[in-house]
Structure formats: structure tokens, C-alpha cells
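Here the sequence shown stands for residues 131 to 452, numbered as in our numbering.
Heads up, the thing below is written out as C-alpha cells.
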Amino acid sequence: MATSAASMANPKILNYYSPLSPIQLKNSLTLLVGAGDTVHTLTNVEEFRNFDMLLCNPSIHQQESFLANVEKLGEDSPYICYMDLYSEKHVKAFIHDFRGRFSLIEGHGFHVPHFTLSQLEKLLQEGGTASNIFEQSCNVINISTYLRWLEEGFVNSESNVLMSTAIVVSSGHLNLTENDANLLRESLCKAIISLNATNRNIHLDEELLMNLGSLSTRSCQKIHASLLCDSSTPLTLLGNICTNTPSWSCDPTIELVITKKAPPFWEDAIQAYIDAYGRDEHVERAERIRAAIAKDLEDELIWPAKAKYDTYTRLIRANILK
């Protein structure tokens, strides 16, 4: 997207299309992903002053809208981060600059690029949260196909997006018949209960689980799609599917809220063990496993990190916490 050099020279713009100087910003930052719009002449820069940074992706925001936001930048405005979320180079540079510095990352709208869960794990500080983290599909899917996916298990890197589709139709119809809608909701409820019981990192809020039968088919689709994210969720992220009100909306919605929370590594217990018995093979093995877990997280290896943590837990419980 072409922009004038003068507009991009604003100190409130972090332009990842050009080399950046060292960025001196506080920690515990808040980020709104997919901002850069103008709604009825009100720019996102004016509307979301409570955020520290707005991420504008040139692939989805028109030049006029972006420049309108730039013109409204003031001393107390959020920073505009101008980068392509589909660019590995841009994302890698952004993570380098802001690793572990965000207390909140929120997606704006439903059809914008998002960070992956592994990227969020690197950007969030301990205790930081992220919401509206994956795009919701507008594909049209026949109910027979959708039910087959539910029964057989539709698993790939985009399964949660496809299963979140807002448009499921009955054969020969433009929407769902009443019988098909009831069948779909019943099938979704069964899948939700099963996933919620077996998932490791992502679970449904207890109140929503108790009232699952009264929720709309659309809400059940969103819950099911969110639960499917468990297989791609890093060890250090926990997900709660709950009723949440986004900052850009007045309407509460059911969505996945991710929190960065490292599992226990029993540092105090290990130190007490060392004080009592010295460093032995158990301590050294625990240190090697923990270092391997950290490397897996850095390399975005989801299941190897979780498997190593299980081994670490067994080692600590059998030999340190005795």
C-alpha cells in the first residue's frame, strides 16, 4: 500500500516495512490487532485511546482509512504498528521487539489476520490475556458434511476456523430446517462435552457448560471451534471459553480468552532438595528436561513440549517431592 513519506515519518508509527530504531516503550502494553478503520468519520485512533498500540495490516485496510488514522495521531494517541501479519519477517521482528511485553492482545472484528497461539505465547507477559484470537469463517457448508466432520473428527491446522462457519445449510435449502438445526445442536453438544473432558489447556466455563442445552446453535459452533484450538495451544497458555465483552463492542459474546500461565516447575522444592542432598542426577536431569521444554516452546513444538513436561512432572514427584 503506497503511503507518503511524510505520513510514515510520524513518531507514533512503528513501520515494519522500514528499519526501526530501538523502541522505548513501557512494559504491560495493550494491543488491538486489526485496527485502522474509520467508522462514520471516527477513526480507530480516536475510538481506542485506551490501547497503547493499534496494529494496522495493509492487506485489509484501505489507504484512505489508514491515512485518516495517521492524521488524528496526537501525543496521547496509541502507537500505530504498520506491519503485515502474513509476513514471517515482520512478525519475527515484532516478536523480537515486544517479547513478553503485552498484558492484553485483542482482535478487532472477525475477519482480520491474527497471531498464532505460539506467537501469542511469546508476546504475552505472565498473566497476560488475549481474546478474539482466530478468524471466524463465512463459508457455506452443507449440514451432512458438517455432521460428518463432527463424527469422524476434522483435524488440520485450520479445523477450528472451518468449524466456526456461520452458514450451515440443509440440502436443497438456503438455511437450516428446524429438524436439522436441532440435530446439529445436539451433535455439537455431544462433541463439546467430549472435548471439554479430554482437553488439556482449553475448557468451557462451568456456567456455560451447565447451560449448554439452552445455547444457540451458533454459540455451540463457537464453543466447539474454540475447544479445537487445544491441539495447537502451547504448554504455557490456558484457555477459558466464557462470556466476554470486547473493548470494541458493547455486546457480550461467547469467546475464547487465553491467559499466559506457566505450569509449576517446583523451583523452591528443587532448591530445598539441593540444600538437603546436593546436586545429584535427579536435579541435573530435571534441568536438562526444563531446558528442552524451553527450546520446544521457542521452536513452536506443541506436543513435544507437553510430553517433556509430563516426564518432568513424573521425575519431580518421584524423586524430589518425596
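Just so it is clear, CB atoms sit at the ideal spot from N, CA and C, and this is done for glycine as well.
Quantities reported herein were computed from a predicted structural model and do not represent experimental measurements.
Boundaries of the beta strand (DSSP E) in which residue i is found, first to last residue
i	result
A260	254-261
L306	Taken as a continuous stretch (DSSP letters only), L306 belongs to no beta strand (DSSP E), as it is neither H nor E.
E430	Per DSSP, E430 belongs to no beta strand (DSSP E) and is neither H nor E.
T366	Per DSSP, T366 belongs to no beta strand (DSSP E) and is neither H nor E.
M183	183-186
L162	159-163
L451	Counting along the chain, L451 falls outside any beta strand (DSSP E), and DSSP gives it neither H nor E.
L144	143-145
With 16 other Cβ atoms within 10 Å as the buried cut-off, status of residue i
i	result
A132	For A132, the predicted structure reports a pLDDT of 49, less than 50, and the residue's modelled location is therefore unreliable. A value from the coordinates is still provided. With fewer than 16 other Cβ atoms within 10 Å, it is exposed.
I400	buried
N370	buried
D405	exposed
S249	Sequence inspection shows Gln at residue 249; the Ser mentioned does not correspond to that position. Buried, because 16 or more other Cβ atoms sit within 10 Å of the Cβ of Q249.
K452	exposed
L172	exposed
W433	exposed
D360	buried
C186	buried
N262	buried
S454	Since the first and last residues shown for the chain are 131 and 452, residue 454 lies out of range.
L304	exposed
I353	buried
Run of the alpha helix (DSSP H) containing residue i, from where it starts to where it stops
i	result
N269	Looking at the DSSP string, N269 is not in any alpha helix (DSSP H), and its letter there is neither H nor E.
L338	336-340
L357	347-357
Q154	Element bounds for Q154: n/a, residue is neither H nor E.
A406	397-407
Proximal residues to residue i (C-beta, below 6 Å), its chain only, five neighbours per side dropped
i	result
T168	S195, A198
G239	G164
L386	S356, G369, I371
S287	Interpretation of S287 is limited by its pLDDT of 47, a score under 50 that renders its predicted location unreliable; the figure taken from the coordinates is listed afterwards. Cβ within range, chain order: n/a, list empty.
K438	I419, A422, I423
Y403	I450
D440	none
D410	none
T347	A311, L314, R315
Cut-off 8 Å between Cβ atoms - residues of its own chain near residue i, not counting five sequence neighbours on either side
i	result
C319	L342, G343, C350
R231	L155, N157, S158, L159, L253, Q255
A416	I400, Y442, L445, I446, I450
A435	P364, L365, I423, D426, L427
L150	L144, A223, D227
S377	L162, F178, N180, F181, E236
Opposing strand residues paired with residue i [DSSP bridges]
i	result
N374	T383
K390	L367
L172	V169
V299	N272
H333	N370
Close-in-space but distant-in-sequence residues of the same chain around residue i (CB under 7 Å, 5 per side omitted)
i	result
K142	L203, S207, Y209, I210
D310	I273, S300
L339	N326
S379	none
Within-8 Å CB hit, residue i to chain B
i	result
G237	Absent from the structure: chain B. Only one protein chain is present.
Requested in this report: Mind listing, in chain order, the continuous alpha helix (DSSP H) runs of no fewer than 4 residues lying wholly within the stretch 192-244?
Outcome: 193-201, 218-228
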